[in-house]
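Before any comments, here is the structure.
Residue numbers (the working numbering): 38 to 628.
Rendered as structure tokens:
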């Protein structure tokens with residue numbers, strides 16, 4: 038039984054544990070890479086001793102052409118083996134880090150799909166996207182190149198031990214700049230952490246601004262504010278640039294300072310070691326070996342600064358991703374979910390249901406019953422709460438008080454997947470994907486037979502539109518269906534809902550952009566479909582609801598009247614006033 042509020046691998050507030058859980062399946066690749074690293078580091082440590090032996094031969098004047106060739110080939114062989122081991126180490130570890138990235142991205146997407154509308158109301162789309170792209174890449178950099186650089190650091194204690202065995206005194210002098218190096222590293226790490234967080238937040242803001250402008254490009258052009266939006270975007274982008282430059286400045290300062298301290302270490306070693314060789318306190322061969330070992334320390338220590346910067350960025354990024362994983366879906370399956378429910382008939386009952394968003398009351402004491410296979414209509418002025426009734430049936434929200442029952446079972450006890458699969462919902466605002474017409478119509482049923490697709494489009498009066506398209510069902514729609522009119526989008530959405538053959542069909546003002554003649558034809562065909570399923574029709578037009586078995590009249594979140602068309606007209610209430618106003622508008626249009 039799945040009752041997790043977030044993905045089980047993600048542990049909000051614990052980035053290290055989260056990374057460990059995600060990478061555990063690939064431990065063999067990481068272990069193999071670490072063993073290879075240990076191998077080529079161990080082999081590489083033979084280089085200073087080969088050089089030591091060669092220099093000793095020159096010191097003793099026993100070097101020959103054959104021995105020189107022997108040392109040359111030995112060093113060449115070490116380089117070849119080391120290079121090959123490094124290649125396989127990178128292959129295994131980078132591949133594992135890419136698989137980790139794949140897993141984390143999929144789980145992130147899965148999690149945000151389950152989050153409640155309230156999360157999307159307060160979180161910008163660009164920020165969500167920035168975490169899935171920029172932040173995730175920084176985390177992968179730590180797991181891939183970051184770990185590889187850290188593994189190379191295993192040579193540090195070994196090389197240091199060998200240096201101490203050659204000359205403790207020279208080792209002590211060579212490491213004199215170490216305290217200053219530690220302070221510098223600490224300072225730059227703190228600065229990188231602070232700057233990285235600011236940069237990533239600014240990147241999210243820029244992404245969000247760009248996404249909003251691309252999505253609302255038609256509105257921006259229609260209002261002639263493209264220059265203003267461009268100016269605002271430039272200001273936001275400039276702020277991101279300035280913060281990025283500040284971060285780059287910190288990184289640029291940190292690297293030369295650390296490298297300068299490394300160079301100072303080498304200078305001290307050359308000066309002090311040279312004096313010891315002159316005095317006879319140190320053999321030239323041992324001094325040569327010492328310098329090579331010191332150079333082997335230089336790169337890992339210098340690389341340490343880069344690893345720390347990668348770690349700081351990844352730490353901030355993982356924290357930002359875990360903030361999203363920490364979001365608990367308000368609507369989810371829980372311990373009380375009845376997983377024995379496999380299908381629904383469609384009977385609906387509201388028992389004294391109220392709904393509030395914060396302190397604002399949306400619905401108050403809504404009570405009605407709709408038997409399976411019957412049609413109910415909801416009418417009322419804009420903002421009366423008509424759509425909120427549908428949002429409770431689909432469990433977009435749960436009631437503040439009261440119960441919503443489906444087939445006599447509290448909707449909160451029905452598995453979300455079963456509940457939503459039983460509902461065909463055509464919302465007020467039709468959303469279409471940048472796909473073919475066929476892809477959009479079959480969105481809920483990708484395996485639908487072509488005859489079923491054609492029949493659904495016919496009922497929705499969308500078949501003529503398909504026939505007029507250059508490539509029929511395979512015509513690519515622009516983003517959000519930009520090459521279709523509002524009425525065409527609504528008809529496609531109706532066909533999409535019908536194709537799923539839902540037990541509950543919800544039309545939320547789904548014919549508002551359709552002309553009266555087309556509306557009449559659609560309603561005539563929909564009567565056949567509605568006869569076999571529970572249907573809820575929300576509309577401002579009385580013509581669209583007058584044949585319903587039950588009509589609810591909503592005003593200010595309350596049911597102010599209910600009954601069939603004729604009963605409501607006889608009461609001469611709000612329903613009658615709406616009806617008379619629409620009749621007058623129709624007469625004026627015909628005149």
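Beta carbons are placed, not taken as given, at the ideal position from N, Cα and C, and that holds for glycine.
**Prompt:** Hey, would you say residue 188 sits closer than 8 Å to residue 70, going by beta carbons?
**Reply:** yes
**Message:** If I follow the unbroken beta strand (DSSP E) through residue 641, where does it start and stop?
**Reply:** The requested residue 641 does not occur in the structure, where the chain is confined to residues 38 to 628.
**Asked** Under the three-state reduction of DSSP, which class applies to residue 435: helix, strand or coil?
**Response** coil
**Prompt:** At a cut of 8 Å, does the region 586 to 597 reach the region 417 to 434 through at least three beta carbon pairs?
**Reply:** yes
**Asked** For residue 405, which beta-bridge partners are listed by DSSP?
**Response** 387
**Message:** Looking at the secondary structure, which residues open and close the alpha helix (DSSP H) in which residue 140 lies?
**Reply:** 102 to 151
**Request:** Report the option in 235, 514 and 242 whose CA atom is closest to the CA atom of residue 281.
**Result:** 235
**Asked** Where does residue 179 fall in DSSP's three states?
**Response** helix
**Asked** Mind checking whether residue 78 and residue 184 have CB atoms under 8 Å apart?
**Response** no
**Prompt:** Terminal residues of the continuous beta strand (DSSP E) containing residue 462?
**Reply:** 460 to 463
**Prompt:** Count the other CB atoms within 10 Å of the CB of residue 200; is the residue buried (16 or more) or exposed (fewer)?
**Reply:** buried
**Asked** Which residue comes first and which comes last in the alpha helix (DSSP H) that contains residue 54?
**Response** 52 to 60
**Request:** Whole angstroms is fine: what's the gap from residue 324's alpha carbon to residue 310's?
**Result:** 7 Å
**Asked** Looking at the unbroken beta strand (DSSP E) that takes in residue 592, where does it start and where does it end?
**Response** 587 to 592
**Request:** Report buried or exposed for residue 551, applying the criterion of at least 16 other Cβ atoms within 10 angstroms of its Cβ.
**Result:** buried
**Item:** Expected contact under 8 Å - CB spacing of residue 58 and residue 46 to nearest Å
**Value:** 4 Å
**Request:** Have a look at 50, 159 and 179 and flag the residue whose alpha-carbon is nearest the alpha-carbon of residue 245.
**Result:** 159
**Buried versus exposed, by CB contacts within 10 Å (16 or more), residue 519** = exposed
**Prompt:** Which class does residue 271 belong to by DSSP, given the choice of helix, strand or coil?
**Reply:** helix
**Asked** Does the pairing of the region 435 to 444 with the region 603 to 614 give three or more beta-carbon distances under 8 Å?
**Response** no
**Request:** Name the residue from 314, 350 and 122 whose alpha carbon lies nearest to the alpha carbon of residue 238.
**Result:** 350
**Prompt:** Ends of the alpha helix (DSSP H) at residue 526?
**Reply:** 523 to 536
**Asked** The beta strand (DSSP E) spanning residue 575 covers which residue range?
**Response** 571 to 575
**Asked** Which residue's Cα is closest to the Cα of residue 144: 153, 124, 173 and 131?
**Response** 173
**Asked** By Cβ distance, which residues of its chain are closer than 8 Å to residue 50, with the 5 residues on each side in sequence left out?
**Response** 359 and 363
**Request:** Pull up the distance between the alpha-carbon of residue 167 and that of residue 599, whole angstroms please.
**Result:** 49 Å
**Item:** Extent of the continuous alpha helix (DSSP H) run through residue 412
**Value:** Residue 412 -> not in any alpha helix (DSSP H); beta strand (DSSP E) instead, spanning 412 to 416.
**Request:** Please classify residue 530: is it buried, with 16 or more other beta-carbons within 10 angstroms of its beta-carbon, or exposed?
**Result:** buried
**Request:** Give the DSSP-derived three-state secondary structure of residue 87 in the structure shown.
**Result:** helix
**Request:** Taking 8 Å as the threshold, find out whether the region 489 to 509 comes into contact with the region 473 to 481 through three or more Cβ pairs.
**Result:** yes
**Prompt:** Which first and last residues belong to the alpha helix (DSSP H) in which residue 165 is found?
**Reply:** 162 to 167
**Message:** Which residue marks the beginning of the beta strand (DSSP E) containing residue 599, and which one marks its end?
**Reply:** 595 to 600
**Message:** With distance defined between alpha-carbon atoms, name the residue in 482, 386, 499 and 480 nearest to residue 427.
**Reply:** 386
**Message:** Just verifying my parser: in three-state terms, what is the DSSP assignment at residue 558?
**Reply:** helix
**Asked** Thinking C-alpha only, which one of 181, 295 and 249 is nearest residue 218?
**Response** 295
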